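A short worksheet on the structure shown next.
Protein chains in written order, with full-length UniProt numbering: chain P, 1 to 308; chain G, 1 to 308.
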């Protein structure tokens with residue numbers, strides 16, 4: 001079993017959907033990634049920063065799940081990063097109502113000593129220079145470096161993003177961002193162009209339409225589980241990435257074939273995440289529920305045509 | 001091996017895409033369905049109508065493929081149905097430039113005597129009363145009646161559509177149409193409502209995002225093959241339906257498990273259809289190409305997670 005180091009926000013979110021709205025609740029990419037990866041009982045550490053206003057009980061939720069938080073800096077006189085958003089009726093688009101960087105503005109990630117030899121590094125969505133700083137702190141080259149990013153960094157830090165992408169193995173990105181990054185509409189062509197930027201593996205997240213994994217000329221398609229109701233999509237992409245990274249850290253098999261399984265695990269965990277507000281569903285998820293839903297994914301996608 | 005009777009337009013299309021434009025070429029739902037089904041060497045008949053302007057060579061293309069065209073009425077002094085459309089840059093939406101019903105306006109389908117005991121009936125997109133007329137001509141109840149429709153009939157013949165839908169086993173419909181027909185955004189909920197209208201099986205076509213097959217609480221997801229380039233989407237949905245119907249007529253196994261395979265065959269054939277203008281690719285398709293692409297569909301979707 002490999003070690004997993006995660007960098008990402010640990011934050012407050014306030015979310016409004018057609019089904020209701022929340023006050024400030026636990027959120028952040030690092031949180032969702034860590035919670036998802038914790039389903040695999042890997043040794044993982046979250047590297048992040050919070051303010052003095054961040055409740056101890058939220059930190060305890062992570063340590064309870066065997067997530068090392070020694071790399072979560074607490075700035076006593078600072079305020080925790082806060083994001084607020086409102087989803088439209090179709091749940092496929094949202095407006096950001098507020099983004100208060102607070103302590104995140106001066107965030108300098110520090111990887112715990114014990115994790116500088118981690119096999120897997122998961123770089124959650126942050127400034128590409130912050131992501132690069134984590135990679136630079138690793139004392140042994142990770143077996144797998146995974147990076148998530150978003151259109152914001154393409155708009156305001158494209159050169160830095162290109163420099164960081166060169167050094168990673170897997171990028172996870174949504175379909176519109178893949179198109180923006182490459183100027184290509186076809187996701188097949190976009191994935192090839194992203195390969196040329198560095199990553200050997202490209203995961204394109206298509207929300208309710210699932211996710212594609214590209215490697216050289218190979219492609220794998222994991223659908224999203226068709227759901228009666230998407231209650232809150234917040235964190236689904238990070239949960240996907242956390243499941244993907246956690247499964248690979250656990251199995252230590254970084255082949256394309258095993259990465260298919262990692263994509264399925266990521267999709268499975270993401271299908272739970274959207275059932276409740278924020279992290280609620282992920283905090284109340286049992287191994288037998290995951291096992292049962294994996295079975296649903298199998299019957300959703302597996303067929304029996306013999307090719308001779 | 002069962003017999004398959006198909007009703008649908010045999011027509012002229014003129015198509016414009018970002019890649020080019022055509023003059024009047026062979027088109028029509030009945031044509032695409034028939035060509036797709038012919039890959040399974042089933043006994044099939046197309047029921048349709050054309051004008052005196054319809055070239056004999058186009059009819060010969062069908063008889064060459066063992067498609068019975070005795071049910072294709074030729075109205076000597078009439079003109080063939082003509083549709084013209086222009087696709088937008090993303091290829092996911094199009095404008096209809098012209099629809100000339102011509103001989104289709106007075107179309108009264110006549111099922112050939114030999115096909116009044118066909119096991120499978122494929123009702124291509126037409127007025128629901130025309131579709132019902134075909135069902136009414138069957139002397140033995142088909143094992144499987146499949147219906148394709150579109151938003152146009154929901155707008156202008158909704159009651160007739162509801163009456164026809166009651167009598168069919170499988171409906172194929174695209175995602176936006178499923179939402180329009182039911183008033184539900186969630187495709188899971190929409191499929192359940194459509195079940196209640198009659199069809200035991202609901203196939204929801206999502207274009208580049210694949211297709212979903214619903215039956216009671218079971219669901220199967222066939223992705224579309226990610227393509228470098230979609231050259232012309234015209235006929236892809238009909239080709240899907242023709243592959244689906246043809247495979248089921250060939251195997252005579254109408255179980256949910258076998259219907260999964262039928263969806264995969266439909267998706268496979270549709271992935272070829274979009275590679276060239278109109279029917280061009282379907283007219284130059286070999287069994288070994290189909291076989292090879294089925295292999296691609298397997299590696300695209302099959303994974304190896306053992307559940308104990």
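Just so you know, even glycine gets a beta-carbon here, dropped at the ideal spot from N, CA and C. For clarity, every value in this text was computed on a predicted model and none was experimentally measured.
Scanning its chain for C-beta atoms nearer than 6 Å, with the 5 sequence neighbours on each side dropped, one finds around residue 200(P) the residues 169, in chain order.
Between residue 256(P) and residue 215(P), the alpha-carbon positions lie close to 7 Å from each other.
For residue 295(G), at least one C-beta of chain P is nearer than 8 Å to its own C-beta. Ranking 243(G), 288(G), 301(G), 250(G) by CA distance to the CA of residue 273(G) puts 243(G) first. By the 16-neighbour rule on beta-carbons within 10 angstroms, residue 52(P) is exposed. Straight across, the Cα-Cα distance linking residue 264(P) with residue 297(P) is about 8 Å. Residues of the region 185-205 of chain G with a C-beta atom less than 8 Å from some C-beta of chain P are 185, 186, 187, 188, 189, listed in chain order.
Listed along the chain, the chain G residues whose CB falls inside 8 Å of the CB of residue 223(P) are 210, 221, 223.
For residue 163(P), the enclosing alpha helix (DSSP H) starts and ends at 158-165. In the structure shown, residue 48(G) falls within a strand segment according to DSSP collapsed to helix, strand and coil. Residue 56(P) counts as exposed, since fewer than 16 other beta carbons sit within 10 angstroms of its beta carbon. Taking one beta carbon from each stretch, the region 22-33 of chain G and the region 231-245 of chain G have 3 or more pairs nearer than 8 Å; the two touch.
Note on residue 261(G): 16 or more other CB atoms within 10 angstroms of its CB, so buried under the neighbour-count rule.
By the criterion of at least three beta-carbon pairs nearer than 8 Å, the region 35-51 of chain G is in contact with the region 8-24 of chain G. By the rule that beta-carbons nearer than 8 Å mark a contact, residue 79(P) does not touch chain G.
Per DSSP, the beta bridge partners of residue 215(G) are 201(G), 218(G). Around the CB of residue 93(P), fewer than 16 other CB atoms lie within 10 Å, so the residue is classed as exposed.
Taking 7 Å as the upper bound on Cβ-Cβ separation, chain G lies near residues 90 of the region 90-122 of chain P. No Cβ of chain G is located within less than 8 Å of the beta carbon of residue 182(P). Contacts with chain P (Cβ-Cβ distance below 7 Å) from the region 139-171 of chain G involve no residue at all. Here residue 155(G) carries a helix assignment [DSSP, helix/strand/coil]. Between the beta-carbon of residue 149(P) and that of residue 161(P) there is about 6 Å, and that keeps the pair under the 8 Å contact cut. Under the Cβ distance rule, residue 298(P) counts among the residues neighbouring chain G, one pair being separated by less than 8 Å. Taken atom to atom, the span from the alpha-carbon of residue 191(G) to that of residue 221(G) is near 13 Å. In the structure shown, the three-state DSSP call for residue 126(P) is coil. Under the Cβ criterion of 8 Å, residue 264(P) is counted among the residues facing chain G. Counting along the chain, the unbroken alpha helix (DSSP H) around residue 263(P) starts and ends at 256-273.
Taking a cut-off of 8 Å on C-beta distances, the region 174-189 of chain P touches the region 227-237 of chain G, as three or more cross pairs fall below it. Not a single CB atom of chain G sits nearer than 8 Å to the CB of residue 175(P). Straight through space, the alpha carbons of residue 152(P) and residue 259(G) are spaced by roughly 43 Å. Contact annotation: residue 252(G) and residue 34(G) have beta-carbon atoms that are not nearer than 8 Å. Where residue 98(G) is concerned, the enclosing beta strand (DSSP E) starts and stops at 94-100. Around the beta carbon of residue 177(P), 16 or more other beta carbons sit within 10 angstroms, so the residue counts as buried.
The residues 52, in chain order, have a CB closer than 6 Å to that of residue 76(G) in the same chain once the five nearest residues on each side in sequence are set aside.
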